[in-house]
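S.K.: Residue numbers (our numbering): 100 to 843.
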Amino acid sequence: MINSAIDDDEDDLLASQSEESGTQEKKLVTPATWIKKPTVMDLKRDLQVAKPYHDTHITKIDGWLDNLYVRGKTVQKNKNASNIVPKLIRKQAEWRYAALSEPFLSTPDIFNINPVTWEDKQAAYQNELVLNYQFNTAINKTTFIDEYVRTVVDEGTVIVRVNWEYAEKEVIKNKPVFNLIPDPSTAEMHQQLVQMKSESPSQYDTDVPEELKAANDVFEQQGVPTRPQITGYQQVKEMVPLYNRPGIEVCNTKNIYIDPTCMGDLNKASFVIYSYESSKAELIKEGRYANIEQIRTDSNSILGQPDHTPTATIQVSNLEDEARKKFVVYEYWGYYDVTGSGMLTPIVASWVGDVLIRLEENPYPDQKLPFVLVQYLPVRKGIYGEPDGVLIEDNQQIIGAVTRGIIDTLGKSANGQTGIQKGLLDATNRYKFESGKDYEFNPIADPRVGIHMHTFPEIPQSAQFMIQLQNMEAESLTGVKSFNQGISGQSLGEVAAGVRGALDAASKRELGILRRLSVGIIEIGRKIIAMNSQFLDEKEVVRVTNEQFVEIRRDDLAGNFDLRLSISTPEEDNNKAQELSFMLQTVGNNMDIGLTKMILSNITKLRKMPDLAKQIESFEPQPDPLMQKKAELEIQLLEAQIATEIAKAEEARVNAQLLMNKAGTELAKADNLSADTDKKALDFVEQESGVTQERNKELHGEQARSQAQLKVMDNQMQMQKEKFSLVKEFVKANAKAKDKPTSK
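(1) Please classify P340 as buried or exposed, where buried requires at least 16 neighbouring CB atoms within 10 angstroms.
(2) Do the segment 474-492 and the segment 359-368 touch if we need at least three Cβ pairs shorter than 8 Å?
(3) Three Cβ pairs or more, each shorter than 8 Å: is that satisfied between the segment 268-285 and the segment 314-334?
(4) Quick check: what's the CA-CA separation for Q792 versus Q786?
(5) Alpha carbon to alpha carbon, how far is K704 from I209? Give it in angstroms, no decimals.
(6) Between V451 and E348, is the Cβ-Cβ spacing less than 8 Å?
(7) If I measure Cβ to Cβ from V454 and keep anything under 7 Å in the same chain, skipping five residues before and after, which residues do I get?
(8) Taking only the alpha-carbon atoms, compute the straight-line gap between I446 and D465 and give it to the nearest angstrom.
(9) Is the beta carbon of A562 sitting closer than 8 Å to the one on G619?
(10) Could you check if E492 is buried or exposed, using at least 16 other CB atoms within 10 Å of its CB as the buried criterion?
(11) Give a yes or no on whether the C-beta atoms belonging to V501 and I566 are separated by under 8 Å.
(12) Is the beta carbon of P359 closer than 8 Å to that of A192?
(13) For K296, which residues in the same chain have their Cβ closer than 6 Å to its Cβ, ignoring the five residues on either side in sequence?
(14) To the nearest angstrom, how far is the alpha carbon of I160 from that of N166?
(15) Quick check on the DSSP output: the alpha helix (DSSP H) that includes F318 runs from which residue to which?
(16) Which of the three DSSP states, helix, strand or coil, is assigned to S824?
(17) I need the straight-line Cα distance from I550 to E533, nearest angstrom please.
(18) Are the segment 606-619 and the segment 511-523 in contact at 8 Å, needing three or more beta carbon pairs?
(19) Around the C-beta of K425, are 16 or more other C-beta atoms found within 10 angstroms, so that it is buried, or is it exposed?
(20) Can you confirm whether the segment 247-257 touches the segment 219-233 when touching is taken to mean that 3 or more C-beta pairs between the two stretches lie within less than 8 Å?
(21) With DSSP collapsed to three states, give me the class of Y42.
(22) Please go through the same chain and pick out, in chain order, the residues whose beta-carbon is closer than 8 Å to the beta-carbon of R794, but skip the five residues on each side of it.
(23) If A180 sits next to D507, beta carbons under 8 Å apart, how far is it from one beta carbon to the other, in whole angstroms?
(24) Please state if the CB of L616 and the CB of V473 are separated by a distance shorter than 8 Å.
(25) What are the boundary residues of the alpha helix (DSSP H) that E572 is part of?
(26) Under DSSP, the alpha helix (DSSP H) around V261 begins and ends at which residues?
(27) What residue ranges within the segment 715-758 form continuous alpha helix (DSSP H) runs of no fewer than 4 residues, ordered along the chain?
(28) Y431 and G255: beta carbons closer than 8 Å?
(29) If you draw a straight line from the C-alpha of L781 to the C-alpha of A769, how long is it?
(30) What span of residues does the beta strand (DSSP E) with N701 cover, start to end?
(31) Give every residue of the same chain whose Cβ lies closer than 7 Å to the Cβ of A176, excluding the five residues on either side of it in the sequence, and list them in chain order.
(32) On the DSSP letters alone, give me the boundaries of the alpha helix (DSSP H) that P852 sits inside.
(33) Rounded to the nearest angstrom, what separates T132 and G439 at their Cα positions?
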């Protein structure tokens with residue numbers, strides 16, 4: 100069990116004397132807000148409240164077990180008659196055990212966890228992985244399921260206690276002291292270590308030395324290949340966990356006291372008290388209990404506790420060593436108003452005799468009672484259920500009475516004895532008769548009448564009919580089919596519908612019982628999921644297959660999401676596999692290879708072939724070289740055809756553009772011809788009307804006037820040039836005159 104944490108605001112351990120009932124009571128470390136701490140007497144009052152209802156049911160269980168194992172008052176002691184009691188109830192129970200336990204044990208994965216939403220898919224898968232791993236490795240699943248089924252079948256009720264087991268020890272290790280030196284030549288080694296860490300973290304943790312792990316961490320974080328250089332070794336003390344796992348215990352119903360006001364619903368119970376044997380050494384080892392030195396083993400012997408049913412070994416003997424001597428510990432799980440506010444707080448308390456050795460808040464994350472109760476045949480508003488023995492107890496007694504009568508009839512007969520009539524044989528012939536020789540007899544009587552051989556009397560048909568009738572009645576009551584004849588439809592009529600109705604009733608009866616057992620297992624799984632979220636290490640590495648490892652983080656195991664848990668049965672897995680096979684056949688060979696692999700992988704998992712499922716998931720089909728070459732050529736052919744079509748389309752586009760250009764040219768030619776025709780028609784009209792001649796005259800006249808004006812302008816320009824030349828000469832002459840020197 101897990102070591103419970105104590106709140107930071109708790110007071111120091113107090114030791115005080117309590118005069119109540121003249122007992123000495125030790126108060127434990129509790130939070131400061133607990134102003135109404137329950138005492139041992141308060142807890143014992145709850146025990147006394149539950150005791151009458153508990154004892155009444157235990158009396159019934161003792162009677163049911165006596166009928167099951169044929170002991171106690173069931174066996175009638177009579178020296179002059181047969182005392183045999185047929186084990187009808189035991190026979191029915193033996194047939195029931197395997198039918199109820201096989202659905203849980205026929206598959207390695209007892210849990211199927213399906214997410215309600217897509218966001219919960221990964222968390223559901225990881226919880227399923229951890230739960231099945233814990234049930235297959237940390238828990239003896241076969242022993243637990245067998246005890247779980249046999250207890251509920253025999254007693255009508257099974258109570259399972261779910262707890263957490265943790266143990267550690269201190270070891271001294273020689274750890275190396277090293278320096279990390281950059282070394283590019285180790286890059287390949289680091290790549291191999293990174294691959295091992297991702298593919299097989301368990302092997303990485305156990306096989307790789309600490310110095311290489313440190314160097315690899317630097318490589319992963321900084322990308323710098325480093326080589327560790329060991330400079331020495333130092334001894335370090337470490338606490339190594341021996342186990343950290345959930346614990347499941349099928350409790351002895353006689354040692355469980357349940358709040359009788361819960362009306363059959365354990366979740367509504369205010370308390371559950373559980374008693375078990377322990378010793379001082381075991382309590383000290385768990386490390387959660389206080390005031391152990393106050394326990395008096397001499398006055399708290401196991402046989403001196405009337406409220407506890409000891410085990411068979413304890414009844415025979417007990418150890419005398421003070422540390423190992425067994426005594427009874429009462430463990431109280433319930434809800435109590437410890438703060439005085441009127442609100443109930445989930446607490447757990449333990450006491451031995453009058454010494455309180457534990458008092459704290461419920462350490463489990465769900466804050467519920469760590470017990471799961473399953474009824475075989477539910478009793479309305481009752482805490483406990485009933486076994487099949489309640490239904491067929493009278494049948495066993497009737498069969499026993501008839502069987503004893505038959506045995507007494509056969510046992511009291513003189514079977515094998517021979518009677519000879521007096522005077523039939525003389526002494527000599529009597530000797531011959533007894534020696535098996537031929538003999539002579541006196542003629543006073545016929546030897547067939549005078550000599551009588553005694554035999555067993557014939558069993559009356561009414562006795563056989565009564566036994567057969569009671570067996571059929573028992574089978575119809577319990578729904579258990581016998582191995583030779585079984586339940587038939589004779590009572591319903593010799594028709595197929597009658598037989599089918601009887602078989603359907605038996606299967607439905609068994610399915611109803613199995614469903615109630617499944618609900619109990621599911622509730623156990625939910626409690627373990629909640630405990631995993633709090634008590635597992637930060638990273639729990641779980642091996643899935645020989646090659647693949649999945650790393651589980653605590654955050655993904657919180658269990659704070661909606662889950663649907665179901666028990667994996669061969670029939671259910673077979674139905675799922677058939678549905679997937681039908682889907683595969685419906686789609687045919689046209690399905691993508693990836694989807695085909697997914698469906699085939701699920702089918703092989705349901706068929707319990709994980710190795711084949713792994714091979715299918717990692718399988719990549721290798722193409723046929725001939726088919727691959729053919730595909731390449733077909734692709735090239737398609738590419739060439741596409742290029743040809745593209746060229747044709749381009750040629751058609753160019754031709755269309757050329758035709759458009761030609762159409763424009765032809766239109767221009769047509770316009771030119773039309774304009775030329777119009778011009779010629781206009782010229783003909785102008786010639787006929789004299790317009791052309793007049794126009795020519797005007798043209799020639801204008802040309803003459805223009806030439807005359809041009810000549811006039813030329814003359815004017817010439818005159819201007821001459822004037823300009825004269826002015827230029829005049830200016831030059833004046834300039835020269837100024838430049839000459841003046842004579843004195």
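Quick reminder that beta carbons are idealized off the backbone N, C-alpha and C, glycines included.
M.R.: According to the data block:
(1) exposed
(2) yes
(3) yes
(4) 7 Å
(5) 13 Å
(6) no
(7) K125, N390, Q393, I394
(8) 12 Å
(9) no
(10) buried
(11) yes
(12) no
(13) Y303
(14) 10 Å
(15) 309-321
(16) helix
(17) 12 Å
(18) no
(19) buried
(20) no
(21) There is simply no residue 42 to check, as the chain begins at 100 and stops at 843 in what is shown.
(22) E785
(23) 5 Å
(24) yes
(25) 560-577
(26) Careful: V261 lies outside any alpha helix (DSSP H), inside the beta strand (DSSP E) at 256-281.
(27) none
(28) no
(29) 18 Å
(30) First-last for N701: 692-705, but that is the alpha helix (DSSP H), not the beta strand (DSSP E).
(31) According to the sequence provided, residue 176 is Lys. The question's Ala does not apply to it. Only N182 meet the Cβ criterion.
(32) An answer regarding residue 852 cannot be provided, because it is not within the stretch 100 to 843 covered by the chain.
(33) 9 Å
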